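Sequence lines, in order, name chains A and B.
According to the numbering used here, the residues represented by the first sequence are 1 to 287, in order.
According to the numbering used here, the residues represented by the second sequence are 288 to 448, in order.
Virtual Cβ for every residue (Gly too), placed ideally from N, Cα, C.
What you are looking at is a predicted structure, and each value in this text was computed from that prediction instead of being measured.
One structure is given below, encoded as structure tokens.
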Amino acid sequence: MFTSNPFAALSAGLPLDPGVMQAYVILMVLLVIGGTLLDVVHKKSAKYFFEKGQSLKKIAKREVGGGEKLGLAVSTFTNEVLASSEFANPERRISHLFMMYGFIFFVATTAIMIFGLPVAEGEGSGLVPLLWHLGALSICIGGYWFWLKIRVDVRSEANEWHNVHQSDLFIVSLLLTATFALIWSVLQASNGVTSVLSIIAFIIFIAASTTLFSTILWSKFAHMFFKPAAAFQKKVAVADGSRDKLPEIPELSSAECKQRYPDIPEYMGDNPPYMGLGIKREAPTHY
Amino acid sequence: MPTFVYMTRCDGCGQCVDICPSDIMHIDPKVRRAYNIEPNMCWECYSCVKACPHNAIDVRGYADFAPLGHSVRVRRDEEKGVIAWRIIFRNGEKDMNLLAPITTKPWGKYIPQLADQPAPSQEMRGSQLLFNEPKYIRFDDGDLNTLESNGLKMQAGVESY
């Protein structure tokens, strides 16, 4: 079941023309592009990043070269994008990684399977459908972990699981998409392509995915584009010395620090000791 | 002026919520980022500003010392035991970096060990006094507490009116 292409069964059994499915995927891609552009215009995020960059440039201590910027972009990609290093809370980070990689595999394999149609009987790799199922499962693991454990926790937002806001549009439609993709695939395998239950699950799957990709202006879908931009700008601000107007904390035992701040060695000694984790010793759990 | 949060930096970790002595830093249920729910009640103690691991919280300085365009920002590095301030004047030219050792008590020390205190008696439970209230702030135990009655002397530099 997990190694068979559910879209191939749909195109053969219902039958639904592969062209319709391919047109739907293209429409969703266009909606994502259009929605993101509208979001950028509406929230003025591009303007914000540009103006912030200009204001930081004024207090920059040095120019950051093209090569260095490329290095920062690579480091943003490997840390903030690939490993979600922005999250200080490890639970949220792991849950986010499950959802992110699940989503990437799910979307990519959906496109591969639909554009690979029609598949002749007995042909087609079992790996792609397997990755499709694993991707949906991964979204569900990360998503339900977030929804039922992290989000309801009083330490976090303390929202009851049934308390849904407009801001949950992204996570709810994503979870419904992945959940009903799996349910549809299981029902299709057990009850047949034309069974009523399987068709209902398929309709909910399509409705949820359409909602997910068509509501970018009102959901947080666009975070996958502006979050890396914010992380990159933060790194550039450190590299050019502007530091987002934050102070620099030098190495306390360095000669430069001793010369600049003579009272540091006076109060703390030549080699100030490691003071321990401080506030980082405990996770924020007291509220 | 009260605190505010840079949404592009905050990840909703809750350190500010945890540390705010006024309990006014909360996580917004919609955008899942921290915000000051009651700016009027913020006394600008800077606890959240220093506790934020992403330096996402800032305080607008009062207009008399921090006119528009002025910036006062702080980083507290407990592992190094120092606190650093950076003050940029509104002309953008004067840019001061200040560094000092942290002189407050280390985090997590000197927490009252209430469990080690003897359990309050029934009489104490019925009393209006707070549990374990220091003797010298009580008014019902002997006469009024004064410097003299507590064996203290007026310090030089403390004026009396």
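- Separation of T215(A) and I203(A) (C-alpha to C-alpha, rounded to the nearest whole angstrom) is 18 Å.
- Counting C-beta atoms within 10 angstroms of its own C-beta, E365(B) has 16 or more neighbours from the protein chains shown and is therefore classed as buried.
- Y144(A): member of the alpha helix (DSSP H) spanning L127 to W145, first to last residue.
- For the pair A343(B) and A321(B), the CB atoms are nearer than the 9 Å cut-off.
- Proximity of I324(B) to chain A, defined by a Cβ-Cβ separation below 9 Å, is not satisfied.
- At a cut-off of 9 Å between beta carbons, P284(A) contacts chain B.
- Shown here for N327(B): same chain residues with a beta carbon closer than 8 Å to its own, the five before and five after excluded, namely P289 in chain order.
- Close partners of I264(A) in chain B (Cβ separation under 9 Å): V369, L386, A387 and P388.
- In this structure A207(A) does not touch W184(A) by the C-beta definition: roughly 12 Å separates them, more than the 8 Å allowed.
- Per the DSSP secondary-structure output, D364(B) pairs in a beta bridge with V369(B).
- Chain A has no Cβ within less than 9 Å of the Cβ of Q404(B).
- In the three-state scheme derived from DSSP, where H, G and I count as helix and E and B as strand, N163(A) is classed as coil.
- By the criterion of at least three beta-carbon pairs nearer than 8 Å, the region 130 to 141 of chain A is not in contact with the region 188 to 195 of chain A.
- When beta bridges are read from the DSSP output, D382(B) appears opposite I375(B).
- For T76(A), the CB contacts under 8 Å within the same chain, skipping 5 residues up- and downstream, are P228, A231, F232 and K235 in chain order.
- Cβ-Cβ distances below 6 Å link R319(B) to G299 in the same chain, with the five nearest sequence neighbours on each side left out; the list follows chain order.
- Only residues of its own chain outside the window of five on either side were considered, and among them L187 have a CB closer than 7 Å to the CB of S195(A), listed in chain order.
- At the C-beta level, L56(A) and D263(A) stay beyond 9 Å of one another.
- Distance between L182(A) and K69(A), taken at the CA atoms: about 42 Å.
- Listed along the chain, the chain B residues whose CB falls inside 9 Å of the CB of S167(A) are D315, P316, K317, V318 and R319.
- Here the region 291 to 310 of chain B makes contact with the region 75 to 89 of chain A; the two share three or more CB pairs at distances below 8 Å.
- Within chain B, the residues D298, G299, C300 and G301 have their CB atoms less than 9 Å from the CB of N89(A), given in chain order.
- Sequence-distant Cβ neighbours of W161(A) in its own chain, meaning closer than 7 Å and more than five residues away, are W147, L148 and V152.
- T76(A) sits in a helix when the DSSP states are folded into three classes.
- The residues T177, in chain order, have a CB closer than 6 Å to that of S209(A) in the same chain once the five nearest residues on each side in sequence are set aside.
- L130(A) sits away from F7(A), with the two beta carbons spaced by 9 Å or more.
- The Cβ atoms of V369(B) and L252(A) sit closer than 9 Å to each other.
- For A230(A), the neighbours in chain B by C-beta distance under 8 Å run, in chain order, T295 and R296.
- With respect to chain B, the C-beta atom of E248(A) has a partner C-beta closer than 9 Å.
- Here P18(A) is buried, its C-beta having at least 16 other C-beta atoms within 10 Å.
- Taking all protein chains in view, the Cβ of L175(A) is crowded by 16 or more other Cβ atoms within 10 Å, so the residue is classified as buried.
- For N159(A), the closest Cβ of chain B is nearer than 9 Å.
- For the 9 Å CB-CB criterion, I171(A) and R92(A) do not form a contact.
- At a cut-off of 9 Å between beta-carbon atoms, I26(A) makes no contact with chain B.
- Scanning its chain for C-beta atoms nearer than 7 Å, with the 5 sequence neighbours on each side dropped, one finds around V304(B) the residues M312, H313, I314 and A321, in chain order.
- One finds nothing in chain B with a Cβ atom closer than 9 Å to the Cβ of G269(A); even the nearest lies about 10 Å away.
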